[in-house]
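Trainee:
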Amino acid sequence: MLNLIMRRIVTTLVTLFLISVVAFIIIQLPPGDYVDAWAGKKTQGGTIITQAELNNMRVRLGLDKPLYQQYFKWIGDLMKGNLGFSFEYHRPVAEVIGERLSMTLLIAFSTLAFTYILAIALGVYSAVKQYSIGDNIATVLGYIGLATPGFLFALILMYLGQKWFGMSVGGLFSFKFQGAPWSWAKFRDLLGHLWVPVVVLGMAGTAFQLRTMRATLLDELNKMYVTSARSGGIPEFNLLMRYPVRMALNPIVATLGWELSKIISGAPIIGLVLSLPTLGPLYITALLDQDIYLSGALILIYCILVIIGTFISDMLLMILDPRMRMKERS
Amino acid sequence: MEKKILLQVKNLQISWLFDKALIPIVYGVDFNLESGKVLGLVGESACGKSVTALSLLRLLAKELKIVNGEILFWEHNGGETIDITKLESRGKDIRKIRGGLVSMIFQEPMSSFSPLYTIGYQIMEVILLHSEISKKEAQERTIELLNKVGIADARNSFKSYPFEFSGGMRQRAMIAKAISCNPSLLIADEPTTALDVTIQAQILNLMRDMQHEFGTSIIFISHDLGVVGQMADEIAIMYMGKIIERGPTKEIFKNPNHPYTIKLLDAIPRLGNLEARRRLEPIRGSVPGLFNRPHGCTFNDRCDYFMSGICGASFPELKEISENHFVACYLYG
Amino acid sequence: MAKEGHIKVDGKKVQRIDIATHRQLMWWKFRKNYMAMIAAGILGIFLIISIFAEFIAPYSSGLRNTRYLAGPPMSVHLFDAKGKFHLRPFIYGWVNKRDPVTLALIPVVDTSKQIPLSIFHRGESYKLWGLFKSNLHLFGVNEGMVNIFGTDQIGRDIFSRIMYATRISLSVGAIGVFFVFIIGLLMGGIAGYFGGIADELIMRLMEFLRSIPTLPLWLALAAALPRDWSALKVYVAILLILSSVGWTNLGRRVRSKLLSIREDDFVLSARLAGCSDARIIFHHMLPSFMSYIIVDLTVSFPYIILAETALSFLGLGLREPIVSWGVLLYSAQNIHALAEIPWLLITGLFVVIAVLAFNFMGDGLRDAADPLAK
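Structure follows, in structure tokens:
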């Protein structure tokens, strides 16, 4: 087990290195740099800027150096725990990301939990009561959940919230708690808002995993080992849970990392629509403003989250399935 | 020994629900099984023998329905007679029978254990369900059983997973699970088909030993008349969902009557045949599909003794031609 | 043997699955799946819309009804306010009135005025597929404009815009799927057929691509496109961006299928018969799992459509004058616009229906690809 973890850490580091290179290339791709983007905005606003000013700014921000030097400076700083400086916010990236990271993590992992609990429960029900009314409803909802883009669902929720209740469903806190210190009341307020992004983000994943669970379980229910166990006289519910259901968990646990990746993927756009204090909206504006250290750090954070998800899913799979443990041992 | 009937199957009919139509799979099967005896059920694949076996424990898939007939089971010690067809297939009564009074061994030792639990756990689970003993006692009993069926180092094997076992070992474990609660009937559905010939012989020996030791009745299902001949006291031969001949093993081998049985016996390689350089005689044609079952006797299109006007009219009744020897054919009677 | 595909059992017609050909079995299985059949029909309608968008839409995507800004959908009637039946469908006229509170001009329905719809209306002229000049439209009115899905903030006809957007969004899906197919087949084929180092490298690449969350990657790539590019250039670039990440699933499938059948007897016998590598791949191996590839492609269609919609919704994808579903939804981005003009969301309905239809059809095809499975 320890050996395995060590090996995983090494491959993860290699992947991270590659991702950092790719991230750096991507954020450098747009023609021009932050100074150009900034100058463009300023000139639109009517300010006149001289070439000398621009050059000064480049030197000050280190943008005049060759690309590989910029990369090594960036990656060297990253090693030291320094995520760089956000041009746009005039603050260190770590500070800008600050609390938004914890909110992002909170939403991502709540969504993951919501997705799996609902998908497993409904999937088992649907498979056992195949073609029942409940199964049909779950199937229809599943299809719609898969077909509705998250942002559209968010828009509809916002519209309905506005129209019927005259309230805004966006954000994570009510107005009076924004910036307030943490308290029990603020926490309750958070929970009252949290369900909207969780449901919106988790909808597609729940629908997908529900279908997987249902299909796999239907397959497993007809397997010989189930009949064999039934011939031993095991009560139906225990039989169901211990034999086919545990087996059917494998594929949905194996895709847990991937699911987290999809949740993280959907987060920026949902974050923007629902104006959440998460990393997503920050990421989009950073990309548009070419605030390279901020967007670079955010890409890295997204990738690390996915890697963590994959790692968790592999560990869970090893706990669930002895065959996986054997394979790793040999 | 006094004759004691353990199981009586009367006019059992099972159909397959396909496209909203009921397509008959088992057409009316009758047989009796005495306590302590071995009945061999023989037939080609898809003749309905496995379906019959599964129906005895109500383990049929959802699309398969018992449409008619009775399965009567006499409980050992002054218990009552149970009609298994009347029980709830997912209910409590049938669960008491499953694993406790009647247990089953399946064809594929590969897939009849869940790979997620140890062999020991899966055997112990059954013991704990049917007797009131502690976990520790159940574990000891399981190890004892594994020992008995010839698994080396039973104490460690208890903690092994099915995929760490060979096919033969798994089938031994399966037998251990099946006999764990001293059942009065053991249904073995092609228990040796998926095994190598040498392992096959070992498993057959093991089953015979267990049968002698515990006096368990066995229904032994196989497509291999040769294997069944070694095990069974009585043989029933099935063709397209019907029993067409039934009788004591010796009688069937010495004096087969139904043309199909005769052909089946001719298809077994024998030393004598080899010396005489005789070719094995195949049966003409192949089993008709479920959708074009012939009218009358289902064997009529492959039969050398086809009598027009008689064999195509209706299915012949099983008739007793000598003591305990029944044949369903118009040639006799 | 009986030729007909059915037999009577128990008084009911039952298909002779024992003598049917594989293609027959697949068709039977697909036909039995009502949802898949309906989905196929809906996609057929979408296809017709995309081909004849100019004809079906009464106006071009940029034409403004300046006297009907942010106007609600006009409903088409057969019965007038007095309950009298008119054979020709008509719409009511409207007048702009000032809201007493906000003082804004809002259109109000005027039931005293009926404007009949004309079918096969001669209206704005256009060039179908840039080739044939015509001014024939499916419907239109002689007086003012008809906006059955309403208009947006600057008075453009939403119905017409959706028709054009359907063409663009489906074409993004179709061309994207084509790219995915080519890249996936090539990469998977190289990995699976040749194995060795090529396989190792391609597998690593796939793993790497899958470890990056797709939307953030797409966003970053899309944000990198120069602002001064023409709409058409952006269109091609977006397609390339979407398919550059989307091929991994198909590549994986092709690779694993090739690996598993490489050792199969029918491939060995083809080799023994002296077939060339190319002939073995394209004549023997590919057809044996083509049905799975078709299913995979059908399923990846909606993913590409949704991805484009998301990018354009954020303003990072396609842009005017090219309109796609995402571009249309872009104007519904803020809650104020949405509260004022909720009919902007009609576009969303088209997205959902299209994706649903692709999913149902994909499922139907998947089941049909394995016709005997229960």
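Chains as they are written, first to last, in the working numbering: chain Y, 713 to 1042; chain Z, 209 to 541; chain F, 2 to 375. All residues carry an ideal CB built from backbone N, CA and C; glycine is no exception.
(1) Taking 8 Å as the CB-CB limit, is L357 of chain F close to chain Y?
(2) Run through DSSP, which three-state label would N276 of chain Z get?
(3) Can you give me the C-alpha to C-alpha distance between T997 of chain Y and G752 of chain Y, rounded to a whole angstrom?
(4) Please name the residue in Y:L951, Y:M915 and Y:T918 whose C-alpha comes closest to that of E932 of chain Y.
(5) When the Cα atoms are used, what is the spatial distance from M1027 of chain Y to R958 of chain Y?
(6) Please confirm if the segment 953-967 of chain Y is in contact with the segment 883-900 of chain Y, defined as three or more CB-CB distances below 8 Å between the two stretches.
(7) Rounded to a whole number of angstroms, what is the C-alpha to C-alpha distance between F314 of chain Z and L853 of chain Y?
(8) Taking CB distances under 8 Å as the criterion, tell me whether P963 of chain Y reaches chain Z.
(9) Output needed in chain order: residues of the segment 419-431 of chain Z with a Cβ under 7 Å from some Cβ in chain Y.
(10) What alpha helix (DSSP H) runs, 4 residues minimum, are completely inside the segment 211-262 of chain F?
(11) In the structure shown, what three-state DSSP assignment does Y235 of chain Z receive?
(12) Just to confirm my understanding: we take N217 of chain F, look at its own chain, exclude 5 residues before and 5 after, and list those with CB closer than 7 Å. What are they?
(13) With H, G and I counted as helix, E and B as strand and the rest as coil, what does DSSP make of W130 of chain F?
(14) Just to confirm the assignment, what range does the beta strand (DSSP E) spanning V217 of chain Z have?
(15) Helix, strand or coil: which one does DSSP assign to S374 of chain Z?
(16) Starting from the N-terminal side, write out each stretch of the beta strand (DSSP E) that is 3 residues or longer and does not extend beyond the segment 61-136 of chain F.
(17) Given this structure, state the Cα-to-Cα distance separating R380 of chain Z from H338 of chain Z, to the nearest angstrom.
(18) Between the segment 1005-1023 of chain Y and chain F, which residues of the former have a C-beta closer than 9 Å to a C-beta of the latter?
(19) Out of F:M362, F:F91, F:I159 and F:A40, which has the shortest C-alpha to C-alpha gap to S62 of chain F?
(20) Cβ atoms of L139 of chain F and F209 of chain F: under 8 Å apart, would you say?
(21) First and last residue of the alpha helix (DSSP H) that includes L309 of chain F?
(22) Specify whether the segment 1010-1022 of chain Y and the segment 834-850 of chain Y touch according to this definition: at least 3 beta carbon pairs, one from each stretch, less than 8 Å apart.
(23) Going by beta-carbon coordinates alone, are D82 of chain F and S325 of chain F separated by less than 8 Å?
(24) Pick helix, strand or coil for S732 of chain Y, following the three-state DSSP scheme.
(25) Using three-state DSSP, classify D417 of chain Z as helix, strand or coil.
(26) Shorter than 8 Å from the beta carbon of I739 of chain Y to some beta carbon of chain F?
(27) Going by beta carbon distance, what residues of the same chain come within less than 8 Å of V296 of chain F, once the five residues before and after it are set aside?
(28) Please say whether L991 of chain Y and R770 of chain Y have beta carbons closer to each other than 8 Å?
(29) Following the continuous beta strand (DSSP E) through R454 of chain Z, name the residue where it begins and the one where it ends.
(30) For M146 of chain F, which residues from the same chain have a beta carbon less than 6 Å from its beta carbon, with the 5 sequence-adjacent residues on both sides left out?
(31) Kindly list, in the order they appear in chain F, the residues whose Cβ is closer than 8 Å to that of M675 of chain Y.
(32) Measuring only between beta-carbons, confirm whether A346 of chain Z sits less than 8 Å from chain Y.
(33) In terms of residue numbering, what span does the alpha helix (DSSP H) encompassing V324 of chain F cover?
(34) Would you report the Cα separation of E525 of chain Z and L539 of chain Z, rounded to the nearest angstrom?
(35) Quick check: the Cα distance between P477 of chain Z and K245 of chain Z, rounded to an integer number of angstroms?
(36) For A269 of chain Z, would you say it is in contact with chain Y, using Cβ-to-Cβ distances shorter than 8 Å as the test?
Mentor: Short version:
(1) yes
(2) The answer is strand: DSSP assigns N276 of chain Z an E or B state.
(3) 15 Å
(4) Y:L951
(5) 16 Å
(6) no
(7) 40 Å
(8) no
(9) none
(10) 215-224 and 232-247
(11) Three-state result, Y235 of chain Z: strand.
(12) For the sequence presented, residue 217 of chain F should be read as Pro rather than Asn. So the list is empty, once near-sequence residues are dropped.
(13) Residue state, collapsed to three classes: coil.
(14) I213 to F226
(15) For S374 of chain Z, the secondary structure class from DSSP, reduced to helix, strand or coil, is coil.
(16) 78-80, 86-99 and 106-129
(17) 21 Å
(18) S1007, L1010, I1011, Y1014, C1015, L1017, V1018, I1019 and T1022
(19) F:I159
(20) With a cutoff of 8 Å on beta-carbon distance, F209 of chain F and L139 of chain F are scored as not near each other.
(21) The identity of residue 309 of chain F in the sequence shown is Glu, whereas the question assumes Leu. Segment L287 to F314, the alpha helix (DSSP H) holding E309 of chain F.
(22) No: fewer than three Cβ pairs fall under 8 Å.
(23) Here residue 82 of chain F turns out to be Ala, not Asp, going by the sequence shown. No. Outside cutoff.
(24) helix
(25) helix
(26) yes
(27) Hits under 8 Å: G363, L366, R367 and A370.
(28) No.
(29) K450 to P456
(30) N66
(31) This structure does not reach residue 675 of chain Y, given that chain Y is present from 713 up to 1042, and the question cannot be answered.
(32) no
(33) No alpha helix (DSSP H) holds V324 of chain F; DSSP gives it neither H nor E.
(34) In this structure, the alpha-carbon of E525 of chain Z lies about 12 Å from that of L539 of chain Z.
(35) Between P477 of chain Z and K245 of chain Z, the C-alpha separation is close to 27 Å.
(36) yes
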